[in-house]
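Everything on this sheet refers to the single structure shown next.
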Amino acid sequence: MPKLLSLDGGSVYGIYGAHILDNVDTSKFDAIIGTSIGSALGAAVATDVDINLVNFFHNNMKHIFAGRWYKKFKPLTPRYNGNALEECLKKTFDGIALGDVKTPLFITAVNMHDERLKVFYSGDPSDGSRKLWECVRCSTAAPTYLPPYDGYTDGGIYCNQPSVVGIAGVCSKMGWKLEDIEVCSIGTGSSISESNIKEWSHLSWGLWILGAVLNGSSSTMNDYITRALPIKRFTRLQPLREKGWALDSASDMLKAEAAWEDDIQRGIQIVKDF
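Residue numbers (our numbering): 15 to 288.
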């Protein structure tokens, strides 16, 4: 039965998936879809590049999210310029086109001109000629954190948990039958915040909506829809993220890594058995 690997967005907390993917046989998957940091993980798996994903996070996140402190208080401009991100993506996927991948790959982004979801597909001639690192860069352009790239911004705005989009993609582009599909979906942690919403201002609501999008609240909807589809199997891996852990904090990433030690081991075994 065809197996689809779906990888969430979630910035530094993609390290959860990195630990799992470093320790399982990823050749069992027949197609991959990734959003935001999940697109970087998916690209690495799909190309079979010689890279330790956990080391990728340890070595690069502190540089990608290194910026001047006052940027955090300037909401009209991105906190980071994206140069470090582009440098590490170029280094990792140098000379590889999207169409060169060994496993069919879907990468989500949002077209800022028409405000529609864009799904880069390795099997599409026009998409396949694009540089792989640029497709990943488009998908990882998280609003307020990193600037858009080539007219595209973060795919997590529309589908932070991209399993539904992946299922649609493999059915329409690859001819898979819905009832045969098996999906393994790896998240980046779900969190529950507590606030006195009765006293929220319009600005507070606006910031909450943005935070909900960037933290992957749309994942709940996609989980619900995926489970409702008549597919053969849906396996979802999602640890709990502590309140206050920031999406752009390398130190919080290390806290999560330590707190998720048992979750990671369980996840590795679940994917091995998948």
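Just so you know, even glycine gets a beta-carbon here, dropped at the ideal spot from N, CA and C.
- Message: Between G48 and the ligand PLP, is there a pair consisting of the residue's CB and a ligand heavy atom that are separated by less than 7 Å?
- Response: No copy of the ligand PLP occurs in the structure displayed, which carries no ligand at all.
- For the beta strand (DSSP E) containing E196, list its first residue and its last residue. 196 to 200
- In three-state DSSP terms, what is V63? coil
- How many Å lie between Y163 and A155 at the Cα? 7 Å
- For M75, count neighbouring Cβ atoms within 10 angstroms of its own Cβ and tell me buried if that reaches 16, exposed if not. Burial check for M75: the Cβ neighbour count within 10 Å reaches 16 or more, so the residue is buried.
- What is the DSSP secondary structure of A242, counted as helix, strand or coil? helix
- Under the three-state reduction of DSSP, which class applies to Y94: helix, strand or coil? Residue state, collapsed to three classes: coil.
- Query: Excluding sequence positions up to five away, which residues of its chain have a Cβ less than 6 Å from the Cβ of R247?
  - Reply: E196
- Query: Does the pairing of the region 269 to 282 with the region 40 to 57 give three or more beta-carbon distances under 8 Å?
  - Reply: They do not touch, by the three-pair rule.
- Query: Measuring CB to CB, does D262 end up less than 8 Å from M15?
  - Reply: no
- Task: Using DSSP bridges, identify the partner residues of L19.
- Result: L19 is bridged by DSSP to I46, C198.
- Item | Start-to-end residues for the alpha helix (DSSP H) that takes in D287 | 275 to 287
- Query: Since V133 is in the beta strand (DSSP E), which residue starts that stretch and which ends it?
  - Reply: 130 to 135
- Within this structure, are the beta carbons of V133 and G189 separated by less than 8 Å? No, the pair does not count as a contact, with Cβ atoms beyond the cut-off.
- Residue range of the alpha helix (DSSP H) that includes I181: 177 to 188
- Query: How long is the line joining the alpha carbons of E256 and P139, rounded to whole angstroms?
  - Reply: When rounded, the distance between both Cα atoms is 42 Å.
- Task: Determine which residues share a DSSP beta bridge with S204 and list them.
- Result: L254
- Task: Quick one: using the 10 Å Cβ neighbour count with 16 as the cut-off for buried, is G109 buried or exposed?
- Result: exposed
- Measure the alpha-carbon distance for T91 versus I245 and round it to whole angstroms. Taking the straight line joining both Cα atoms gives about 42 Å.
- Message: Using only the alpha-carbon positions, how far apart do G137 and Y94 sit?
- Response: 32 Å
- For R241, which residues of its own chain have a beta-carbon under 7 Å away from its beta-carbon, when the five flanking residues on both sides are left out? F248
- Message: If you measure between the beta carbons of F107 and A60, is that distance less than 8 Å?
- Response: no
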